[in-house]
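Number 402 marks the last residue of the sequence shown (this note's numbering); no jumps. Written below as structure tokens is the structure these notes are about.
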Amino acid sequence: MSNSIRAAFPSNIVLPRWMGFIHRIQDPLALQKALDQLMGFISWDLTNKIIYIKVFLITYLFVYYVICSVFIIFLVNPEDVHPDYYLRMWFFIGAGASCIIRWIAMIPARHGFAIVIQHLTELTRQKPYQPLRVRSRPVIFLCSAYFFAMNTSVSAFWTVLLLGSCPTDYVIDSPILSYASLLLYPMETLINGMVATATTVTILTTMLVFIAEFDILGYDFREAFSTANSEEIRHCVERHQRLLEMVTLYREKSKLYFLTAMSLYFFLVTFSCLLLVVQLRQGDFHSVRFNGINAGLSIVSILLYGRICDMLEDRVQDIGNQVYGSDWPLKLFGTRERREVHQTQKSSILMVITRSQRKVGFTCGGIFEMSTVTSMQALKLFYTALTILWNATSASEGTQN
2 MSNSIRAAFP
12 SNIVLPRWMG
22 FIHRIQDPLA
32 LQKALDQLMG
42 FISWDLTNKI
52 IYIKVFLITY
62 LFVYYVICSV
72 FIIFLVNPED
82 VHPDYYLRMW
92 FFIGAGASCI
102 IRWIAMIPAR
112 HGFAIVIQHL
122 TELTRQKPYQ
132 PLRVRSRPVI
142 FLCSAYFFAM
152 NTSVSAFWTV
162 LLLGSCPTDY
172 VIDSPILSYA
182 SLLLYPMETL
192 INGMVATATT
202 VTILTTMLVF
212 IAEFDILGYD
222 FREAFSTANS
232 EEIRHCVERH
242 QRLLEMVTLY
252 REKSKLYFLT
262 AMSLYFFLVT
272 FSCLLLVVQL
282 RQGDFHSVRF
292 NGINAGLSIV
302 SILLYGRICD
312 MLEDRVQDIG
322 NQVYGSDWPL
332 KLFGTRERRE
342 VHQTQKSSIL
352 MVITRSQRKV
362 GFTCGGIFEM
372 STVTSMQALK
382 LFYTALTILW
392 NATSASEGTQ
402 N
């Protein structure tokens, strides 16, 4: 093929020998499906024995969270707890609620997501060795692993941060309960974070697969036009229409997730900034690095959401640009047969170009658009919050002096 292709995934990925197994993974959604079986919101197959582990973990998550929340709100006396630990208790409530609500919000959308995942899986099965698909698979898997590792590290940070702040220890004086809480409380925090991680991996990995599929569709369009294959052109038009339907379904089902996710990261960054201000004032530089890591990872996540949404918007629009730039009218004119093909395909091709110019329009709950610009505006808001907190603590110290 003489024309160059603008693709979202690099072609020169060289993996270390010990990571060679990644090239043998045929399904780019493999990690997402594995996490969903254990912690996700889509799969509830009662014939799979792992569902019992999933039900146990989810039940434990909700029951223990409610118990701890009741203790913190109604039973813990703030005067009996160090202010730092009391603040961490409320962080447990806020961050835990954000993670749980994000997971619960996706439950009504599980059937829609199952349809999307099934469609993307079927596209992979039809042409598993398509060049762009082979190129994109290891990149998507590595990105999924990165999402998983990044969010797992945040969960681990929460677990370490909240050690010593179990509310039951401050209400019930029992050595047995204290020993049990050493396991149960960190386990609760870790499971809570992992549930959010499974949801995040599902959302972001699905978007990456969409990006790859639009790249592949653009490639196939150009191949079909170069050979004037009317059957292949018709097939590409149908694929484009179906793929747009799946993206639209995904957009509608994910907008509540983006709203809860951005709310969670706003809470995390603001809370981390608050702790940073307090710890800097107190000279606790050892704890500053942990909150800095938490804030940094949250900021990276915010930027990732905006960037990946922009990438998918670009890939949808690029289909129309590739079709328009392929000189398809010239290639279909010539013989009588080609003129007939041109007449039958013209309206469909123009429809592809028209549809590609419309934005998908990912939003946070239908309130504001998800994009890199929105992410940067959110970061400016976080900076404003940090400035206000810093000035407030400075004024408080000046009054006390």
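For every residue, glycine included, the Cβ atom is placed at its ideal position computed from N, Cα and C. Keep in mind the model is a prediction, meaning the values are calculated, not measured.
Looking at the structure shown, is residue i part of a helix, part of a strand, or coil, going by DSSP?
| i | result |
| --- | --- |
| Phe369 | strand |
| Thr364 | strand |
| Ile26 | coil |
| Tyr306 | helix |
| Pro17 | coil |
| Ser166 | coil |
| Val140 | helix |
| Asn49 | coil |
| Thr336 | Confidence at Thr336 is low in this model, with a pLDDT of 49, below 50, so the placement of that residue is unreliable and no value is reported for it. |
| Ser44 | coil |
| Tyr130 | coil |
| Gln378 | helix |
| Val161 | helix |
Mind checking residue i: buried by the 16 CB within 10 Å criterion, or exposed?
| i | result |
| --- | --- |
| Gln358 | exposed |
| Ile108 | exposed |
| Ile309 | buried |
| His241 | buried |
| Pro17 | exposed |
| Trp19 | exposed |
| Ile177 | exposed |
| Glu314 | buried |
| Val448 | The structure shown does not extend to residue 448, since the chain is modelled only from 2 to 402, so the question has no answer here. |
| Gln1 | This structure leaves residue 1 out entirely; the chain is present only between 2 and 402. |
| Phe215 | buried |
| Asp221 | buried |
For residue i, collect the residues of the same chain with a Cβ closer than 6 angstroms to its Cβ; drop the 5 residues on either side in sequence, then sort them by chain order.
| i | result |
| --- | --- |
| Tyr1 | There is no way to answer for residue 1, as the model of the chain reaches only from 2 to 402. |
| Thr336 | The predicted model places Thr336 with a pLDDT of 49, which falls under 50 and marks its position as unreliable; any figure quoted below should be read in that light. Within the same chain, Thr336 has no close Cβ partners at all. |
| Pro187 | Thr160 |
| Ser179 | Asp170 |
| Asn292 | Ser273, Leu276 and Leu277 |
May I ask which residues mark the beginning and end of the alpha helix (DSSP H) holding residue i?
| i | result |
| --- | --- |
| Phe72 | Element bounds for Phe72: n/a, residue is neither H nor E. |
| Arg252 | Ser231 to Gln283 |
| Gly194 | Pro176 to Thr228 |
| Val117 | Arg111 to Gln127 |
| Asp85 | Pro84 to Met107 |
| Leu32 | Ala31 to Leu39 |
Can you list, in chain order, the residues of its chain with a C-beta nearer than 8 angstroms to that of residue i? Leave out the 5 residues immediately preceding and following it.
| i | result |
| --- | --- |
| Leu62 | Ile101, Glu189, Ile192, Asn193 and Val196 |
| Leu257 | Ala106, Met107, Ala110 and Gly366 |
Leaving out five residues on either side along the sequence, give the residues of the same chain with a beta carbon under 7 angstroms from the beta carbon of residue i.
| i | result |
| --- | --- |
| Thr388 | none |
| Tyr384 | none |
| Asp37 | Ile43, Ser44, Ala199 and Thr203 |
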